[in-house]
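> As you go down the protein sequences, you meet chains E and V in turn.
If you use the numbering used here, the first sequence corresponds to residues 1 to 291, in order.
If you use the numbering used here, the second sequence corresponds to residues 1001 to 1303, in order.
Below is one structure. I have some questions about it.
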Amino acid sequence: MPYSGIAEVVVNKKVGPEHFLMRVLVPELTKEAKPGQFVHVRCHGEMDPLLRRPLSLHGIDYEHGTISLLYQVVGRGTRLLAEMPTGAEVDIMGPLGRGFTIPEKAQNVFVIGGGIGVAPLFPLVQALKHYKIEQTILLGARSADWVIGTGQLASLGVKVEAATDDGSLGYKGFVTDLVGKRIKVIKPDYFFACGPNPMLKALLEVTRKSGLDGQVSLEERMGCGVGACLACVCKTVASSELLVASGNGKTVDSGEWRVGSGTEKTVREFEYKKVCSDGPVFGAGEVIFDD
Amino acid sequence: MINLAVDLGGLKMKNPVTTASGTFGFGPEYAPYVDLNRLGAITVKGTTLEPRKGNATPRIAETPAGILNCIGLQNPGVDEFIAKSLPYLRKYDTPVIVNIAGNSTDDYAEITRRLTAADGVSALEVNISCPNVKQGGMVFGTNCAAASEVIRVVRQNTTLPVIAKLSPNVTDITEIACGVADAGADALALINTLLGMKIDIKARKPVLGNIMGGLSGPAIRPVAVRIVWQVAQAVKLPILGMGGITTAEDALEFILAGATAIAVGTANFVNPRATMDVLDGIERYMRDNGVKDVGELVGAAWQ
């Protein structure tokens, strides 16, 4: 049963160019939390900005009953969060969503993060370490100071490789290119990833080519966080996938997948799933990114 | 002893608090936070005859004290609702209001028949005001003759209370309200969202996937209170008031303006227990002010 109520901010400090780390004392929530899940946080008690902000669990400390949230200040809501002092009360709901699951076949995995998408990977890395699963962590960011948490990961004794757009740390280029190169050498049997949609789209092109299966954690604008409002949906392969041959101008649904008459084309039928409650973690074979 | 029970056009509610369609899923989504048995009614997500995928993303944008949405009536279709959601909802001692939408009067007729035959539906809220679908929706609700025709067809096909949910995106809402009253509506739901939009100045493009969306939340509350006030004085039907209600004080404004019952919508996203807070606050207000029956407050601001 998710917790919903007030919790105490234990730490809230700047840890990167626009990045903050908030630790919250909330034992009822912490004891239920699993890697890949998120919390829904109110930035203040007023009506503007109105919505809660979904923040992934960056740290889960079962012993002390605290969770850590690593977030980037991108707008008014996250700025208000960043201004919360130690000892402040924060209105928090969670844990929410479906997190990562570690399949039995996974023995040598890639953990791939882009930008602030690295945040939810830390509890996963700890779980993988606990299960003694070989892992290589590949992080992507625009430059060295935007790569968050390498020190923390190094202290866990896991292999970390970075890719930066300007080459100021590690590989110069996209993390997805680095993944493409390292797949051939390390030959992982599974992967976990989180990052912006364009990165995940490029990543799935690489992993699908290599036949590598995995899980991705998605980001989307969210409303309720509990599966009620249907705002944060993503396209997934329909459970009853239909192959529709066109030529008869058949409309697959009232919306987008309209197949023009006269062209022979096969479309994958899709269904919208809820990022907040069906995800945020989905099977890599399941998600469809638009062109 | 305080009486919170109300009669919304034949729908008996143990208190005046329900949920606004589309903000509360089909019930189980909020069950971890709210005792569904305490609600006056549960109003479920808009349901259509056939399953609908809904609109492209982004489907939500935050605006000053409000949100724009363009979900586009994503729902599994009435048959799946009857098979999967109604058995769950029947476990609760709370009436279920099903919000229905269609592309044609034939759609409305058929979905009405199926829901009337199903076990566990207490009332129909006829959505003739969704701003986010190309066909049907608001097209019916902004034209008096079309709105009345939809309500007439629903009325002919059901014995359940019929609640007409009206669009505020019209010149004179009292005209439409009178029309649907004559067509046989038992109650009016006021208001659906206000049509709006937001532009991303960096991308120089609309934020929402569907370009325009429906504005809800505290930002629209004064508009909704005004509409309830006007319609309550023009039409004899009981009103289910909604539009930006987040607290009991907000709900009481609607009741004093003439609403018999009220719905909490967008506030559920901010405070999952908003319905319960509103209910407790109404009861407290009544106790503090010596009000024995919530009915005494309905329209008290103008009566």
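Built from N, CA and C at the ideal position, the CB exists for glycine as well.
Any Cβ of chain E within less than 8 Å of the Cβ of Phe1269/V?
As a position in the second sequence, residue 1269/V is number 269, starting the count at 1. Closer than 8 Å to some Cβ of chain E, the Cβ of Phe1269/V qualifies, so yes.
> Tell me whether the region 1146-1156 of chain V and the region 1209-1217 of chain V touch, counting them as touching only if at least three CB pairs, one residue from each stretch, are closer than 8 Å.
The answer is no - the region 1209-1217 of chain V does not touch the region 1146-1156 of chain V, with fewer than three Cβ pairs under 8 Å.
> For Ile1163/V, which residues does DSSP report across the bridge?
The sequence position of residue 1163/V within the second sequence is 163, counting from 1. According to DSSP, which records beta bridges pairwise, Ile1163/V is partnered with Glu1125/V and Ala1187/V.
> Quick one: grab the DSSP three-state call for Cys1070/V.
Numbered from 1 along the second sequence, position 70 holds the residue referred to as residue 1070/V. DSSP places Cys1070/V in coil when its eight states are reduced to three.
> Taking all protein chains shown into account, do 16 or more other C-beta atoms lie within 10 angstroms of the C-beta of His40/E, making it buried, or fewer, making it exposed?
The sequence position of residue 40/E within the first sequence is 40, counting from 1. Buried, since its Cβ has 16 or more Cβ neighbours within 10 Å.
> At a Cβ cut of 8 Å, what residues of the region 32-52 of chain E count as close to chain V, listed as they run along the chain?
Against chain V - using a Cβ distance shorter than 8 Å - the residues of the region 32-52 of chain E are Arg42, Met47, Asp48, Pro49, Leu50, Leu51 and Arg52.
> Is the shortest distance between the beta-carbon of Arg1226/V and the beta-carbons of chain E less than 8 Å?
Looking up residue 1226/V in the second sequence gives position 226. Output row for Arg1226/V: interface = no.
> Using a threshold of 8 Å, state whether the C-beta atoms of Thr1023/V and Asn1192/V are closer than that.
One-based indexing of the second sequence puts residue 1023/V at position 23. One-based indexing of the second sequence puts residue 1192/V at position 192. No, the Cβ-Cβ distance between Thr1023/V and Asn1192/V is not below 8 Å.
> Against Pro2/E, what residues of chain V qualify as contacts under a CB-to-CB distance less than 7 Å, listed in chain order?
Here the question's residue 2/E lines up with position 2 in the first sequence. Neighbours of Pro2/E on chain V, chain order: Pro1032.
> Going by Cα to Cα distance, which pick from Ala1234/V, Leu1237/V, Arg1226/V and Val1235/V is closest to Gly1243/V?
Walking along the second sequence from the start, residue 1243/V turns up at place 243. Nearest C-alpha to Gly1243/V: Arg1226/V.
> For chain E, is any of its Cβ atoms less than 8 Å away from the one on Arg1113/V?
By one-based count along the second sequence, residue 1113/V stands at place 113. False, the Cβ-Cβ gap to chain E never drops below 8 Å.
> Expressed to the nearest angstrom, what Euclidean distance is found between the alpha-carbon atoms of Gly1010/V and Gly1141/V?
Within the second sequence, the letter at position 10 stands for residue 1010/V. Within the second sequence, the letter at position 141 stands for residue 1141/V. C-alpha separation (whole angstroms): 23 Å.
> Going by DSSP in three states, His40/E sits in which element: helix, strand or coil?
Sequence index remark: in the first sequence, residue 40/E carries index 40 (1-based). Of the three classes helix, strand and coil, the one that applies to His40/E here is strand, per DSSP.
> Anything in the region 1070-1086 of chain V with a Cβ closer than 8 Å to a Cβ of chain E? List those residues in chain order, please.
Answer set for the region 1070-1086 of chain V: Ile1071, Gly1072 and Gln1074.
> Can you look up Ile292/E in the DSSP assignment and give me helix, strand or coil?
Because chain E spans 1 through 291 in this model, residue 292/E falls outside it and cannot be assessed.
> Does the CB of Thr1057/V have a neighbour CB from chain E at under 8 Å?
Residue mapping note: residue 1057/V aligns to position 57 of the second sequence, counting from 1. Chain E, which has a Cβ nearer than 8 Å to the Cβ of Thr1057/V, makes this yes.
> What number of angstroms, rounded off, separates the C-alpha of Gly1295/V from the C-alpha of Leu1188/V?
The residue labelled residue 1295/V in the question sits at position 295 within the second sequence. The residue labelled residue 1188/V in the question sits at position 188 within the second sequence. Their backbone Cα atoms lie some 17 Å apart in a straight line.
> Which of helix, strand or coil does DSSP assign to Tyr62/E?
Taking the first residue of the first sequence as position 1, residue 62/E is located at position 62. DSSP places Tyr62/E in coil when its eight states are reduced to three.
> Taking 8 Å as the cut-off, decide whether the C-beta atoms of Ile1176/V and Val1170/V are in contact.
Taking the first residue of the second sequence as position 1, residue 1176/V is located at position 176. Taking the first residue of the second sequence as position 1, residue 1170/V is located at position 170. In contact: Ile1176/V and Val1170/V (Cβ atoms closer than 8 Å).
> Which residues in chain E have a C-beta closer than 8 Å to the C-beta of Thr1246/V? List them in chain order.
Taking the first residue of the second sequence as 1, we reach residue 1246/V at position 246. Here the neighbours are Met47.
> Can the beta-carbon of Asp278/E be found closer than 8 Å to that of Arg53/E?
Indexing the first sequence from 1 puts residue 278/E at position 278. Indexing the first sequence from 1 puts residue 53/E at position 53. No, they are not a contact pair.
> For Ile1199/V, which residues from the same chain have a beta carbon less than 8 Å from its beta carbon, with the 5 sequence-adjacent residues on both sides left out?
Translated into positions along the second sequence, residue 1199/V becomes position 199. Closer than 8 Å at Cβ, skipping near neighbours: Lys1205, Pro1206 and Val1207.
> Measuring only between beta-carbons, confirm whether Ile1199/V sits less than 8 Å from chain E.
The residue given as residue 1199/V occupies position 199 in the second sequence. It does not; no Cβ of chain E falls within 8 Å.
> Kindly indicate which three-state DSSP category Ser68/E falls into: helix, strand or coil?
As a first step, residue 68/E must be located in the first sequence, where it is residue number 68. Looking at Ser68/E - three-state DSSP - the assignment turns out to be strand.
> So what does DSSP say about Gly1051/V, is it helix, strand or coil?
The residue you call residue 1051/V lines up with position 51 of the second sequence. Reading off the sequence shown, one finds Pro at residue 1051/V, where the question assumed Gly. Here Pro1051/V sits in coil by DSSP.
> Helix, strand or coil for Arg1114/V, going by three-state DSSP, please let me know.
As a working mapping, residue 1114/V is identified with position 114 in the second sequence. In this structure, Arg1114/V counts as helix in the three-state DSSP scheme.
> Per DSSP, Asn1075/V forms a beta bridge with which residues?
One-based indexing of the second sequence puts residue 1075/V at position 75. DSSP, once it has assigned bridges, lists Arg1052/V as partnering Asn1075/V.
> Write down the C-beta distance between Leu1115/V and Val1098/V rounded to the nearest angstrom, noting that I regard them as a contact closer than 8 Å.
What you label residue 1115/V is simply residue 115 of the second sequence in a count that begins at 1. What you label residue 1098/V is simply residue 98 of the second sequence in a count that begins at 1. The pair is a contact, with the Cβ atoms about 5 Å apart (cut-off 8 Å).
> Could you work out which residue in Leu70/E, Gly157/E, Gln135/E and Val111/E is closest to Ala119/E when comparing CA atoms only?
Reading the first sequence from its first residue, position 119 is the one you call residue 119/E. Nearest option by C-alpha distance: Leu70/E.
> Give me the chain E residues within the contact set of Ile1060/V, using Cβ-Cβ distance strictly less than 7 Å, ordered along the chain.
On the second sequence, position 60 is the one that residue 1060/V refers to. Going along chain E in sequence order, the residues near Ile1060/V (Cβ under 7 Å) are Arg221, Gly223 and Ala231.
> May I ask you to list, following chain order, the residues of the region 90-123 of chain E that have a beta carbon less than 9 Å from some beta carbon of chain V?
Against chain V - using a Cβ distance shorter than 9 Å - the residues of the region 90-123 of chain E are Asp91 and Met93.
> As a quick exercise: from Thr176/E, Lys172/E and Ser56/E, pick the residue whose alpha carbon is nearest that of Ser210/E.
Taking the first residue of the first sequence as position 1, residue 210/E is located at position 210. Nearest C-alpha to Ser210/E: Thr176/E.
> Do Ser4/E and Tyr1092/V have their C-beta atoms closer together than 8 Å?
The residue labelled residue 4/E in the question sits at position 4 within the first sequence. The residue labelled residue 1092/V in the question sits at position 92 within the second sequence. Contact flag unset, no.
> Glu354/E touches chain V at which residues, Cβ-Cβ below 8 Å?
Any question about residue 354/E goes unanswered here, given that chain E covers just 1 to 291.
> State whether the region 78-90 of chain E contacts the region 6-25 of chain E, with contact taken as three or more CB pairs (one from each stretch) at a distance under 8 Å.
The region 78-90 of chain E, when compared against the region 6-25 of chain E, does touch it at the 8 Å Cβ threshold.
> On the DSSP bridge list, what partners appear for Glu89/E?
Along the first sequence, read from residue 1 onward, the residue named residue 89/E stands at position 89. In the DSSP output, where bridge partners are listed per residue, Glu89/E has Glu8/E.
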